[in-house]
Amino acid sequence: MARYKAVVSYDGSSYGGWQKQLNTTSIQEVIEQALAKMHKHDVAIVASGRTDAGVHAIAQVFHFDSEMKIQEKHWIKALNSLLPKDIRIQSVKQVTEAFHARFDAIGKRYDYLISNDILNPFKENYMAKDAHKLDVAYMQECATVLIGTHDFTSFTSNKIDPRKPRVKTITRLEVLQEKDHVHMIFEGNGFLRYMVRMLSQTLIEAGKHRITKADIKKMLEAKDKHACRYKAVPQGLYLVRVDYADDEEQN
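With this note's numbering applied, the sequence shown has no gaps in its numbers, which climb one by one up to 251 at the end.
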């Protein structure tokens with residue numbers, strides 16, 4: 001039995017999120033079904049973390065165990081032949097049996113995209129849309145409040161397990177004006193559920209001058225799950241990279 005680390009890209013538009021659940025199709029479920037077809041028995045996969053319905057991934061990481069003797073390049077071809085076109089395996093490599101996709105992750109990058117081209121149907125599933133012209137410079141100024149190590153209780157789901165640590169470190173938070181959209185980049189040692197979406201919408205509201213830098217600082221310092229009422233739509237969110245200590249290159 002060998003353990004494998006896989007990197008997968010997916011368009012989350014048609015799925016109820018990463019995690020298996022009742023009454024909707026998940027990305028995890030579809031990948032496990034493909035592995036089951038190959039193995040003739042159930043094969044469980046463990047991801048670096050879950051993504052919500054409508055959220056996309058450029059490089060989600062998961063691991064699985066297999067008794068099959070297949071070269072790494074052939075794993076990619078075999079799995080992609082069984083998966084729908086909106087889920088694509090990018091790499092598969094054998095790792096030690098101690099590797100854990102979730103617990104060994106030391107950092108992640110998420111990107112959030114928002115456009116004011118609200119009439120463009122081709123962006124409907126891949127960017128947030130807002131008719132307002134955002135003040136990107138002010139959004140970047142407000143972002144400085146959030147960089148560093150903080151208790152992010154105010155920017156997470158109210159259903160989060162109270163035993164789960166709320167202190168996270170954001171090492172990079174950039175707000176960039178691209179040609180046809182605003183691009184936010186979040187890098188850190190980990191993110192709570194809904195954290196990136198809530199931070200994104202908070203910065204968007206600041207970009208509309210509906211809230212101030214001081215308001216954001218007050219929300220953060222409140223450490224209260226009711227302090228922030230903002231949460232951006234999932235379509236604009238991408239899991240870009242998951243980092244591991246022994247990576248020769250970042251995924």
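For each residue, glycine too, the CB sits at the ideal point set by N, CA and C.
If you draw a 10 Å sphere on the C-beta of L176, you find fewer than 16 other C-beta atoms in it, and that means exposed.
Taken in chain order, the complete alpha helix (DSSP H) segments of 4 residues or longer contained in the segment 193 to 250 are 195 to 207, 213 to 222. Of the candidates H132, T212, G107, R109, T212 places its Cα closest to the Cα of A143.
Taking all protein chains in view, the Cβ of T24 is surrounded by fewer than 16 other Cβ atoms within 10 Å, so the residue is classified as exposed. Under the 10 Å beta carbon count, S81 is surrounded by fewer than 16 other beta carbons and is classified as exposed. For S81, the enclosing alpha helix (DSSP H) begins and ends at 72 to 82. By the CB criterion at 8 Å, I106 and Y244 fall inside the cutoff.
Using a C-beta cut-off of 8 Å, the segment 25 to 34 makes no contact with the segment 202 to 217, since fewer than three inter-stretch Cβ pairs fall below that distance. Burial check for Q71: the Cβ neighbour count within 10 Å stays below 16, so the residue is exposed. Going by DSSP, Y112 is part of the beta strand (DSSP E) stretching over 105 to 115. Taking the Cα positions, K225 is about 7 Å away from T156.
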